[in-house]
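Participant: Per this note's numbering, residue 3 is the first one in the sequence shown, and the count goes up by one each step. Idealized CB from N, CA, C, for every residue including glycine. One structure coming up, written as C-alpha cells, with questions to follow.
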Amino acid sequence: MSSTSDVSPHVRTVLREQTIELPSWAFANSGTRFKVFKTPGVPRDPFEKIADAAQVNAYTGVAPRVSLHIPWDLVDDYDALAVHARDLGVAIGAINSNLFQDDDYRMGSLTHPDPRVRAKAVKHHLECIDVMRATGSTDLKLWLPDGLNYPGQDDLRARQDRLAEGLAEIYAALDENHRLILEYKFFEPAFYAMDIPDWGTSLLHCLALGERAMVVLDTGHHAPGTNIEFIVAQLLRVGRLGAFDFNSRFYADDDLMVGAADPFQLFRIMHEIVGADALRPDSGVNFMLDQCHNIEPKIRGQIRSVMNVQEATTKALLVDRTALGRAQVEGDVLSANGVLMDAYNTDVRSLLAELREEQGLAPDPIAAFLASGYTERVAAERVGGTQAGWGA
Ligand code: PSV
Ligand code: MN
3 MSSTSDVSPH
13 VRTVLREQTI
23 ELPSWAFANS
33 GTRFKVFKTP
43 GVPRDPFEKI
53 ADAAQVNAYT
63 GVAPRVSLHI
73 PWDLVDDYDA
83 LAVHARDLGV
93 AIGAINSNLF
103 QDDDYRMGSL
113 THPDPRVRAK
123 AVKHHLECID
133 VMRATGSTDL
143 KLWLPDGLNY
153 PGQDDLRARQ
163 DRLAEGLAEI
173 YAALDENHRL
183 ILEYKFFEPA
193 FYAMDIPDWG
203 TSLLHCLALG
213 ERAMVVLDTG
223 HHAPGTNIEF
233 IVAQLLRVGR
243 LGAFDFNSRF
253 YADDDLMVGA
263 ADPFQLFRIM
273 HEIVGADALR
283 PDSGVNFMLD
293 QCHNIEPKIR
303 GQIRSVMNVQ
313 EATTKALLVD
323 RTALGRAQVE
333 GDVLSANGVL
343 MDAYNTDVRS
353 LLAELREEQG
363 LAPDPIAAFL
373 ASGYTERVAA
383 ERVGGTQAGW
393 GA
C-alpha cells in the first residue's frame, strides 16, 4: 500500500513547483441558456477578476497566472492591468481570442467562405498579440466555433485550407517568445462537423505551422468514453501538448470543477504527465482551468479545483514506478493495475496540508479563505456598475 509518510524530497519539490492557471471568466457570472444567476460581489471589470484570482493564489500558493479572454477582458491600459496583477502576486497567462460572439462569424471565422470575414478574424488575433506584448503573456490561445450544421453546407476540405492559411498569418505575427496554442472540440456550436473536432486535426495544423504551435486539450471536449490519457500520452510523445483546459463533465461540455465528475480520469491523466516528466516547469505544458461556476461560489470553486488537481498530481507521483515496470514486463496484469490503484486510493490530503504549512500557508485553503471575510467584503464594496458575465 502506498503511504504519504515516506514521500521523497523530489515529490515534495515537484508539488511545490506545480502551477495551475486560472481563467478570468470563472470569476464572472455564468449559467446555461436557461438562466444566468447573479452573485453578490461578482467582479465588474478585469481588475476585479484579477483581484479574485489572486485570492485563489494567496490560499493555494500554486495558481500564479490568470488567462484573459478578449474582448471580455478589454481594458484601456494593459500595462496597468499587468502592474495590478503583479502587485497582487499574479501574472497574466494565456490570451484567449474570441471568434464566437460576433454576427459576422455565423458561417465561421478563419474558415468563413468570405475573405473579408477571414481577414477580420486574423486582425482580431493581431490585437490579441498586442495585448500579449503589453501584459507579458506568451500563449495565444485559439478555439474556433467554426463548423457546419448540415452536410453540404460548405466544402469540408476548402475550410481546412482557409483555416491553414489564416493560422499561418497569425503564427507569422507572433514574437519569438510567443506560442500559438490550438484547442479542439468535437461538437458545439456546430453539430454536424466542427472544423477542428479532434486532437489529430489540431496537431496537423500545429505541425504545419511550426515548433511554437501546440495542442490544447480541454477535458470536456471529447465524446463520452474517449480515453483522454491516451491522447495526452500521444501528444507528449511528439512534444505538442501545449496546455490543458481542465474541467469535468457528466454529459457534454459541462465546464464543472475539474476532478468533480471523474477524479480517477484526472489521476490517469496526471499519471501520463508524471510518466513523461511533464510536470517540470519548463515542460511546455500549461495546466489551465477552463470552468464556469454557475451555482456554486466562484472563488471557493476555483480553490477546490486547484486542490483537486494537486490531489490527482500527488497520487500520480506516488505510483511505484519500479514495481509497475516490473509487473508490466512480467505480464502481471493484476499487480500492475494494483500498483496504480494503491496510489489512487492513498489519501494525500494531509501531505498537501503539511506542504502548505511548510510554505507558510494555511493547511486548509478553503477554511482560511472563508474565515478571511473576503466574500462579504467584496459583496459590500462592489455595488453599482455591471457584473461581468460569460460573454461580457
Ligand atoms: C469552448 O467551449 C471553450 O472551451 C474555449 O476554451 C473557450 O474559450 C471557452 O470554452 C470559453 O468558456
Ligand atoms: Mn476550453
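In whole angstroms, what is the alpha-carbon distance linking Gln236 and Leu281?
Facilitator: Taking the first residue of the sequence shown as position 1, residue 236 is located at position 234. Taking the first residue of the sequence shown as position 1, residue 281 is located at position 279. Going by the C-alpha atoms only, they are around 16 Å apart.
Participant: Quick one: using the 10 Å Cβ neighbour count with 16 as the cut-off for buried, is Asn179 buried or exposed?
Facilitator: For the purposes of this step, residue 179 is taken as the residue at position 177 of the sequence shown. Under this definition Asn179 is an exposed residue.
Participant: Would a C-beta distance cut-off of 8 Å place Leu342 and His273 closer than the cut-off?
Facilitator: On the sequence shown, residue 342 is found 340 positions in, with the first residue counted as 1. On the sequence shown, residue 273 is found 271 positions in, with the first residue counted as 1. Cβ atoms of Leu342 and His273: closer than 8 Å.
Participant: Any heavy atom of ligand 2 closer than 7 Å to the Cβ of Trp145?
Facilitator: Taking the first residue of the sequence shown as position 1, residue 145 is located at position 143. Trp145: yes, Cβ under 7 Å from ligand 2.
Participant: In its own chain, which residues sit with a C-beta less than 7 Å from the C-beta of Gln57, not counting the 5 before and 5 after it?
Facilitator: By one-based count along the sequence shown, residue 57 stands at place 55. These residues qualify, in order along the chain: Ile301, Phe371, Tyr376.
Participant: Under the assumption that Ser352 contacts Thr6 (Cβ atoms under 8 Å), give the Cβ distance between them as a whole number of angstroms.
Facilitator: As a first step, residue 352 is located in the sequence shown; it is residue number 350 there, counting from the start. As a first step, residue 6 is located in the sequence shown; it is residue number 4 there, counting from the start. About 7 Å separates the two Cβ atoms, so the contact holds.
Participant: Could you check if Arg67 is buried or exposed, using at least 16 other CB atoms within 10 Å of its CB as the buried criterion?
Facilitator: For the purposes of this step, residue 67 is taken as the residue at position 65 of the sequence shown. Classification of Arg67: buried, given that the 10 Å Cβ count is 16 or more.
Participant: Would DSSP call Arg67 helix, strand or coil?
Facilitator: As a working mapping, residue 67 is identified with position 65 in the sequence shown. In the structure shown, Arg67 sits in a strand (DSSP, three-state: E or B).
Participant: Can you tell me which of Arg306, Arg161, Asp105, Asn59 puts its alpha carbon nearest to the alpha carbon of Leu90?
Facilitator: Taking the sequence shown and counting its residues from 1, the one referred to as residue 90 is at position 88. Nearest option by C-alpha distance: Asn59.
Participant: If contact is defined by three or more beta carbon pairs under 8 Å, each pair taking one atom from either stretch, is the stretch 326–338 in contact with the stretch 25–35?
Facilitator: Because the criterion of three Cβ pairs below 8 Å is not met, the stretch 25–35 and the stretch 326–338 do not touch.
Participant: Nearest CA to the CA of Leu243: which residue from Gly154, Ile230, Asp322, Gly386?
Facilitator: If you number the sequence shown from 1, residue 243 lands on position 241. Ranking the options by Cα distance to Leu243, first place goes to Ile230.
Participant: Report buried or exposed for His127, applying the criterion of at least 16 other Cβ atoms within 10 angstroms of its Cβ.
Facilitator: The residue given as residue 127 occupies position 125 in the sequence shown. Buried, since its Cβ has 16 or more Cβ neighbours within 10 Å.
Participant: When the distance is taken between beta carbons, is Tyr186 closer than 8 Å to Leu211?
Facilitator: Numbered from its first residue, the sequence shown carries residue 211 at position 209. Numbered from its first residue, the sequence shown carries residue 186 at position 184. No, Cβ-Cβ distance for Leu211 and Tyr186 is not below 8 Å.
Participant: Ignoring anything shorter than 3 residues, give me the beta strand (DSSP E) runs that lie fully in the stretch 260–311, in order along the chain.
Facilitator: You should have 288–291.
Participant: Which word fits Asn98, buried or exposed, when buried means at least 16 other C-beta atoms lie within 10 angstroms of its C-beta?
Facilitator: Numbered from 1 along the sequence shown, position 96 holds the residue referred to as residue 98. Buried: at least 16 other Cβ atoms inside 10 Å.
Participant: Quick one: what's Val217 bridged to in DSSP?
Facilitator: As a first step, residue 217 is located in the sequence shown; it is residue number 215 there, counting from the start. Paired residues: Leu184, Leu243.
Participant: So, at 8 Å on beta carbons, what are the nonlocal neighbours of Ser204 in its own chain, with the 5 sequence-adjacent residues on each side left out?
Facilitator: The residue given as residue 204 occupies position 202 in the sequence shown. Correct list, in chain order: Leu184, Glu185, Tyr186, Ile198, Val217, Val218.
Participant: In terms of alpha-carbon separation, which member of Ala195, Met309, Gly241 lies closest to Cys208?
Facilitator: For the purposes of this step, residue 208 is taken as residue 206 along the sequence shown, with counting starting at 1. Selected option, being the one with the closest Cα: Gly241.
Participant: Would the beta-carbon of Leu357 fall within 8 Å of that of Glu23?
Facilitator: Residue mapping note: residue 357 aligns to position 355 of the sequence shown, counting from 1. Residue mapping note: residue 23 aligns to position 21 of the sequence shown, counting from 1. It is not a contact, given that the beta carbons lie outside the stated cut-off.
Participant: Taking the beta strand (DSSP E) that Asp141 belongs to, which residues open and close that run?
Facilitator: Walking along the sequence shown from the start, residue 141 turns up at place 139. Note, Asp141: beta strand (DSSP E), 141–144.
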